[in-house]
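**Student:** Protein chains in written order, with the working numbering: chain B, 1 to 205; chain G, 1001 to 1205. Backbone N, C-alpha and C define an ideal beta-carbon position, used for all residues, glycine too. What you are looking at is a predicted structure, and each value in this text was computed from that prediction instead of being measured.
Number of protein chains: 2
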Amino acid sequence: MMHLILADSELELMPEEIKKGRILLDSSLHHSLMKGLKDWKRRGRPDIVHIFLLIAQESILNKEGLLRTYVHTRNNEIIYVNPEMRIIKNYNRFKGLMQQLLIHGKVPLKGGSLMKMKKERLDELLNKIKAKKIVFSRKGKRKALQDVFEENVACIIGGFPSGNFISSVEKYADEIIRLHEEMLPAWIVAMEAIVAYENFMKLHL
Amino acid sequence: MMHLILADSELELMPEEIKKGRILLDSSLHHSLMKGLKDWKRRGRPDIVHIFLLIAQESILNKEGLLRTYVHTRNNEIIYVNPEMRIIKNYNRFKGLMQQLLIHGKVPLKGGSLMKMKKERLDELLNKIKAKKIVFSRKGKRKALQDVFEENVACIIGGFPSGNFISSVEKYADEIIRLHEEMLPAWIVAMEAIVAYENFMKLHL
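(1) Under 7 Å Cβ-Cβ, which residues of chain G neighbour M191 of chain B?
(2) Can you give the Cα-Cα distance for Q1099 of chain G and D1039 of chain G, rounded to whole angstroms?
(3) In the DSSP assignment, find the unbroken beta strand (DSSP E) run with V1081 of chain G in it and report its ends.
(4) Give the DSSP-derived three-state secondary structure of G105 of chain B in the structure shown.
(5) Rounded to whole angstroms, what is the Cα-Cα separation between K1041 of chain G and K1035 of chain G?
(6) In the region 1085-1099 of chain G, which residues sit with their C-beta less than 8 Å from some C-beta in chain B, listed in chain order?
(7) How would you call M1115 of chain G, buried or exposed, if buried means at least 16 neighbouring beta carbons within 10 angstroms?
(8) For V71 of chain B, does the three-state DSSP call read helix, strand or coil?
(9) For the region 9-21 of chain B, which residues have a beta carbon sitting closer than 9 Å to at least one beta carbon of chain G?
(10) Could you check whether the Cβ of E175 of chain B sits closer than 7 Å to any Cβ belonging to chain G?
(11) Can you name the start and end residues of the beta strand (DSSP E) that K35 of chain B belongs to?
(12) Beta-carbon of H30 of chain B versus every beta-carbon of chain G: anything under 7 Å?
(13) What residues of chain D sit near R142 of chain B, judged by a beta carbon separation below 7 Å?
(14) Quick one: grab the DSSP three-state call for F1136 of chain G.
(15) Within 10 angstroms of its Cβ, does I1009 of chain G collect 16 or more other Cβ (buried), or is it exposed?
(16) Can you tell me whether P1108 of chain G is buried or exposed, with buried defined as 16 or more other CB within 10 angstroms of its CB?
(17) Provide the residue span of the alpha helix (DSSP H) that contains N191 of chain B, from first to last.
(18) Taking CB distances under 7 Å as the criterion, tell me whether E150 of chain B reaches chain G.
(19) I'd like to know whether the C-beta of I23 of chain B is nearer than 7 Å to at least one C-beta of chain G.
(20) Rounded to whole angstroms, what's the CA-CA distance from S1027 of chain G to E1124 of chain G? Just pull it up for me.
(21) Determine the closest residue to K130 of chain B out of B:N82, B:S168, B:D174 and B:S32, with distance taken between C-alpha atoms.
(22) State the start and end residues of the unbroken beta strand (DSSP E) segment that holds D8 of chain B.
(23) Shorter than 7 Å from the beta carbon of F1046 of chain G to some beta carbon of chain B?
(24) Mind checking the region 113-134 of chain B against chain G and listing, in chain order, the residues whose C-beta falls within less than 9 Å of any C-beta there?
(25) Ends of the beta strand (DSSP E) at Y1056 of chain G?
(26) Grouping DSSP H, G and I as helix and E and B as strand, with all else coil, what is G96 of chain B?
(27) Return the residue from the list G:K1141, G:I1103, G:S1167 and G:R1093 that minimises the CA-CA distance to R1121 of chain G.
(28) Return the residue from the list B:I177, B:G158, B:L184 and B:L203 that minimises the CA-CA distance to K132 of chain B.
(29) With a threshold of 7 Å between beta-carbons, can I1079 of chain G be considered close to chain B, or not?
(30) Quick test of your reading: L1054 of chain G and I1087 of chain G, contact by CB under 8 Å. State the CB separation rounded to the nearest angstrom.
(31) Which of the three DSSP states, helix, strand or coil, is assigned to V1207 of chain G?
(32) Between which residues of its own chain and Y172 of chain B is the CB-CB distance below 7 Å, once the five residues before and five after are set aside?
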């Protein structure tokens, strides 16, 4: 099984310092409001979470039942994504769903949940997962994923547009890997990890 | 070099039959207006083009200079994407850009173009590309991409949510490949093709 974790992702409701209200923060809409906030340049990026989930949930790996997906946020919440969950393709509707999730802790509100959210730190999640922990970071070593993977792996990918992890990911890492000289967006790292693990598990004949 | 072609993609301005105006058709907004149109259930999907381009343009393969990306539309236009083009992450802004491109034939309007559009059929484009042509389709054979690739390949992926190609892609195909039993979204096929070609070209050490 591969556990795929988007860590320190910039997904949050609008902080009360800016405006009372329970609206999902989106830097493309709230840019001028955000300027007083700590770390404002990296915050409010549900678009990164969206593209990441579209890749993870629709992947062959997920369809084969070998993927578990989690989104950890800067406020130390963990979103557990049901493998059956198909992500809404329309960005504006996706944001509505994530807003509901952050307010109510699960979606849909009735029936079995497709996503649920818990107040939980990244290290608490990692402690529960029995797998080799691989962190993707530009500070890591260049190694081929084929040489690093085991049957049970947890891949930890930063869910922010620039800068470093907020969580102390290095402490929990069995390996820190760099895929390329240049900074890669979270979804590209996810796609490389997923297809490499599909190859490792010999899903491609 | 890999040439990656999103074919018969559902990208168009609102047809005059519905409403005069030069607005990009988006089924998530114009659903009720579209019901009279031919093929209305599959049309108006700039979201698929967006996710496809976010994967292609940010990929390691593109950063290494080994990818050329094209978007062919149902109205037989070809969009030539400059390898330097970084795709706007915000969906609403991306739609604004594509609308400008479909109206004016290039973006940005001033200076060197990052995307330009020509009235051209898929077979006219394929005739110009000297490479092995691989079409991805559920009607194809299951084969490992490693066994099919050559140094110059053109991968043709359907840019529509369901149904079949409109263009006669089978005529131009050297191989027709099926990656999985289930229908896969266009961006998942793109990610599989890109990473497989990165492996084929030994970009991963």
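**Tutor:** The structure says:
(1) Within chain G, the residues I1055, M1191 and V1195 have their CB atoms less than 7 Å from the CB of M191 of chain B, given in chain order.
(2) Rounded to whole angstroms, Q1099 of chain G and D1039 of chain G show a C-alpha spacing of 21 Å.
(3) Looking at the DSSP string, the run of the beta strand (DSSP E) that includes V1081 of chain G is E1077 to V1081.
(4) In the three-state reduction of the DSSP assignment, G105 of chain B falls in the coil class.
(5) Their backbone Cα atoms lie some 8 Å apart in a straight line.
(6) The region 1085-1099 of chain G vs chain B, Cβ under 8 Å: K1089, N1090, Y1091, N1092 and R1093.
(7) M1115 of chain G is buried by the Cβ-count criterion.
(8) Residue state, collapsed to three classes: strand.
(9) Residues passing the 9 Å Cβ filter: none.
(10) No - not a single Cβ of chain G is within 7 Å of the one on E175 of chain B.
(11) Element bounds for K35 of chain B: n/a, residue is neither H nor E.
(12) It does not: the Cβ of H30 of chain B has no partner Cβ on chain G nearer than 7 Å.
(13) Although the question refers to chain D, the structure presented lacks it and instead comprises the protein chains B and G.
(14) DSSP, reduced to helix, strand and coil, places F1136 of chain G within a strand of the structure shown.
(15) The sequence given here places Ser at residue 1009 of chain G; Ile does not occur at that position. By the Cβ neighbour-count rule, S1009 of chain G is buried, with 16 or more other Cβ atoms within 10 Å of its own.
(16) Exposed, since its Cβ has fewer than 16 Cβ neighbours within 10 Å.
(17) Per the sequence presented here, residue 191 of chain B reads as Met, with Asn not at that position. Per DSSP, M191 of chain B is one residue of the alpha helix (DSSP H) stretching across A186 to F200.
(18) Output row for E150 of chain B: interface = no.
(19) Cβ-Cβ to chain G under 7 Å: no for I23 of chain B.
(20) Approximately 29 Å between the Cα atoms of the pair.
(21) Taking only the C-alpha atoms, the option nearest K130 of chain B is B:D174.
(22) Per DSSP, D8 of chain B belongs to the beta strand (DSSP E) from M2 to S9.
(23) In the sequence on display, residue 1046 of chain G carries Pro and not Phe. With 7 Å as the cut-off, P1046 of chain G does not count as an interface residue toward chain B.
(24) Here the close residues number zero.
(25) Looking at the sequence itself, residue 1056 of chain G is Ala, so the reference to Tyr does not match. Element bounds for A1056 of chain G: not the beta strand (DSSP E) but the alpha helix (DSSP H), P1046 to E1058.
(26) In the three-state DSSP reduction, G96 of chain B falls in the helix class (H, G or I).
(27) Comparing Cα positions, the closest option is G:S1167.
(28) Relative to K132 of chain B, the option among B:I177, B:G158, B:L184 and B:L203 whose CA is nearest is B:I177.
(29) Taking 7 Å as the CB threshold, I1079 of chain G stays off the interface with chain B.
(30) Under the criterion of beta carbons closer than 8 Å, L1054 of chain G and I1087 of chain G qualify as touching, at roughly 5 Å.
(31) A query on residue 1207 of chain G cannot be resolved here, the shown segment of chain G reaching from 1001 to 1205 and no further.
(32) Excluding the 5 residues flanking it on each side, Y172 of chain B has same chain C-beta neighbours closer than 7 Å at D123, L126 and K133, in chain order.
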